[in-house]
Amino acid sequence: MPATSPSEHFDYIIVGGGSAGCVLASRLSAKAANRVLLCEAGADISLDNVPPAILDSYPGTAYLNPDYIWPELQATTVRINGVAGRARKYEQARILGGGSSINGQFFNRGAPSDYDAWEAHGARGWNWQSVLPFFKRMETDIDFHDALHGTNGPIRVRRIFPEQWSGHARAVAAALEAQGYDYLPDQNGEFRDGYFPIAISNFNEQRVSVATAYLDAATRSRPNLTIRTGTEVSSLIFDGTRCTGVVIQENDKGKRVSGGEIIVSSGAIGSPALLLRSGIGPVTHLRDLGIDIVAGLPGVGQNLMEHPSIALASFIDDGARINDVTRHHIRVGARYSSKIGGAPQGDMLILGVTKTSWHAVGRRIGTLLNYVNNPFSKRGEVTLQSRDWRVRPNVALNLLDDERDLDRLVDGFQRMALLQASASMQAVTKDPFPASYSEKVRQVAMLSAKNKFITDVLAKLLDGPAPLRSFLMGRVVAGGPTLGELLGDDIALRAFIRSACVGVWHASCTCRMGGADDPLAVTDELARVRGVQGLRVVDASIFPVVPGANTNAPTIMVAERIADGLLSTQQDGGAIADRTISPV
Ligand SMILES: Cc1cc2nc3c(=O)[nH]c(=O)nc-3n(C[C@H](O)[C@H](O)[C@H](O)COP(=O)(O)OP(=O)(O)OC[C@H]3O[C@@H](n4cnc5c(N)ncnc54)[C@H](O)[C@@H]3O)c2cc1C
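Just add 9 to wherever you are in the sequence shown, counting from 1, and you've got our numbering.
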């Protein structure tokens, strides 16, 4: 018997309206017999009311806005001698659409080998051939119409091709070509090393998020779909080991809502936190916090993966700066194979970032950004600080846990230095320096009149005589070790990378899918949480390993596929009978 009134019972309750949650809500409610509730802690956005910062092709003001993220969430980046460093802000979405509403709009899938690796890691049936139809289903690719691309999915995808690139992006491309990189027009269709125009979820110079693409007006008007925003789920309700509902917080009051099936889509940080608070996780950790145990699952919150990154910045000459074709700040990327430590092909990425912030200084500073596409480090973790739902969890990214990731960033930094030294880059950039996304940089990137004033003045000075610019670049903009100091000293370079390495907001794998023989697997290949009934996790947390891709499209693919599995196995009346997902 539901503990609540009949009107508060749903067939599906989806916890979290992010990249996965909006897709599930849209697909599952397409069947009129399904009563679906979507709970999102953050604010609502629909096509009629998307804030300009979110619509903007330049994402840098959306993801720093405390109204659109979990403002208190922090993470440590690396452990040095086993000790985690100081925690810093870790931006994660808290708004309808989740990451897709604030992210950089990169829309790529990774390589076939990334998904074959999922199956090899125990996620039965999740290989490239079986996931490709769902990558196609989600998109309308504006540029490519072939067997690899979708033509009528909700997310519109496009690229900004070389003839529209700024001088800086063209210089990066010329430097890559001089080093032997081939040009690949389609990042989502050619899976070999080379450089390419970045694919983005953007149409008519506006962001395309799952909130607007999947929850359009027609979908939102379905009588069987209820969307509650500003509604945080504080815990799951169990009857024995069957999940029967959720407690939602409205005006700080808990209210029970029952559901036939609960789907947790709260993201790679939020989903394990909710499971832990509800009694599913490592037994010792739960006991330490006095949480009653529903199911002892040691993998909940473990195996956190991210893409470790490092950057090399420089001053961009007037004329080579971002142009008016698009406000998107990144147009060119390159995938390459480090061949270090048994890494797979295409394990590394370099991006040419033509604008590093919204302000006048950010318009003058570009970077080469290098990250490990296929990291070996997989021992980050999400743990609870407290059983109180108001307290954000601890996040330790542990980015360079495996020394081979540090080795690859050392090699990557040297590759970037070579690109920076090329004639094409020298022609349009000056005063290169090893960069880090420090707290100071983050503070100056917050949208405010004060920051605008300071950066306007500094930008004017940077455009002045070369000696003044070089002085200011060294003393005010940079401030850490110089490029020359690092290139001549392996120990200093490694120390710099350890201190400056950050993730790129691709948290994943904290409730990973896996086989019954994997003690750290939290979900099976149908996303069902092991050891309990009526509960799935569907979001980036169930990736077996992080793919060599930005994680939005892979998350949407996961949601599309699980929704498809649920719908195609429903009997009349909305009862669910699972089927094994088999390769398509
Ligand atoms: C700043 C930033 C930049 C990024 N750039 C890119 C990019 O350019 N391209 C790309 O592919 N990927 C990018 N990513 C990553 C990508 O967007 C995410 O991997 C993806 O959105 C994850 O989807 P998800 O459904 O797992 O989680 P999310 O999209 O984060 O959704 C989880 C949702 O659940 C809600 N929630 C959490 N807990 C609760 C609760 N208890 N009750 C109710 N609601 C809850 C959250 O508010 C959130 O809206 C970026 C991410 C960030 C943060």
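Ideal Cβ positions, reconstructed from N, Cα and C, are used throughout, including at glycine.
As the structure is a prediction and not an experimental result, all values here were calculated from the model.
Residue i: first and last residue of the uninterrupted alpha helix (DSSP H) it sits in
i             : result
aspartate 573 : 561-577
leucine 406   : Premise fails: leucine 406 is in no alpha helix (DSSP H) and is neither H nor E.
glutamate 494 : 492-496
leucine 64    : 61-64
arginine 503  : 499-509
Alpha-carbon to alpha-carbon, residue j and residue i
i                 : j              : result
valine 593        : proline 142    : Model confidence at valine 593 stands at a pLDDT of 21, short of 50, so the residue's coordinates are unreliable and nothing is read from them.
threonine 70      : threonine 560  : 20 Å
phenylalanine 19  : valine 92      : 45 Å
alanine 178       : glutamate 49   : 38 Å
phenylalanine 116 : aspartate 397  : 36 Å
proline 474       : tyrosine 446   : 27 Å
isoleucine 278    : threonine 519  : 8 Å
aspartate 155     : lysine 449     : 46 Å
arginine 168      : isoleucine 209 : 6 Å
proline 206       : serine 243     : 42 Å
leucine 427       : serine 110     : 35 Å
arginine 507      : asparagine 382 : 17 Å
proline 441       : alanine 322    : 5 Å
arginine 201      : alanine 558    : 14 Å
tyrosine 345      : glutamate 148  : 26 Å
valine 404        : alanine 432    : 42 Å
proline 232       : methionine 425 : 54 Å
valine 341        : glycine 361    : 6 Å
methionine 522    : leucine 529    : 9 Å
leucine 575       : alanine 568    : 11 Å
serine 517        : serine 395     : 22 Å
alanine 536       : arginine 373   : 46 Å
For residue i, three-class secondary structure by DSSP
i              : result
aspartate 150  : strand
threonine 365  : coil
methionine 425 : helix
serine 479     : helix
glycine 375    : strand
arginine 539   : coil
glutamine 394  : coil
tyrosine 98    : Correcting the residue identity first, residue 98 is lysine in this sequence and not tyrosine. The answer is strand: DSSP assigns lysine 98 an E or B state.
cysteine 31    : helix
methionine 455 : coil
isoleucine 54  : coil
leucine 529    : coil
methionine 10  : Reliability fails at methionine 10, whose pLDDT of 41 lies under 50, so the model's placement of it is uncertain and no value is given.
glutamine 215  : strand
valine 593     : The predicted model places valine 593 with a pLDDT of 21, which falls under 50 and marks its position as unreliable, so this point remains unresolved.
isoleucine 22  : strand
aspartate 440  : strand
arginine 88    : strand
glutamine 138  : helix
glutamine 435  : helix
Check: residue i C-beta below 7 Å from any heavy atom of ligand 1
i              : result
serine 637     : This structure cannot settle anything about residue 637, because the visible part of the chain is limited to 10 through 593.
serine 109     : yes
histidine 154  : no
serine 275     : yes
isoleucine 104 : yes
tyrosine 72    : yes
valine 450     : no
histidine 515  : yes
glutamate 412  : no
aspartate 65   : no
leucine 544    : no
cysteine 48    : yes
alanine 549    : yes
glutamine 114  : yes
threonine 564  : yes
glycine 279    : yes
leucine 283    : yes
valine 24      : yes
glutamate 199  : no
asparagine 559 : yes
Host beta strand (DSSP E) of residue i (start-end)
i              : result
asparagine 211 : 208-212
arginine 165   : 164-168
leucine 73     : Note, leucine 73: premise wrong, no beta strand (DSSP E); not H, not E.
Minimum Cβ-Cβ distance from residue i to chain C less than 8 Å
i           : result
leucine 224 : Among the protein chains of the structure shown there is no chain C, as only one such chain exists.
- What residue ranges within the stretch 222-306 form continuous alpha helix (DSSP H) runs of no fewer than 4 residues, ordered along the chain? For the stretch 222-306, whole alpha helix (DSSP H) runs of length 4 or above, ordered along the chain, are 226-229, 276-286, 292-297.
- Task: Scan the stretch 98-129 and note each continuous alpha helix (DSSP H) run of 4 residues or more that stays entirely inside, going in chain order.
- Result: 108-111, 121-129
- Ordered list of beta strand (DSSP E) runs contained in the stretch 321-363, each at least 3 residues: 339-345, 357-362
- Query: What are the uninterrupted segments assigned as alpha helix (DSSP H) that are 4 or more residues long and contained completely in the stretch 175-203, given in chain order?
  - Reply: 176-187
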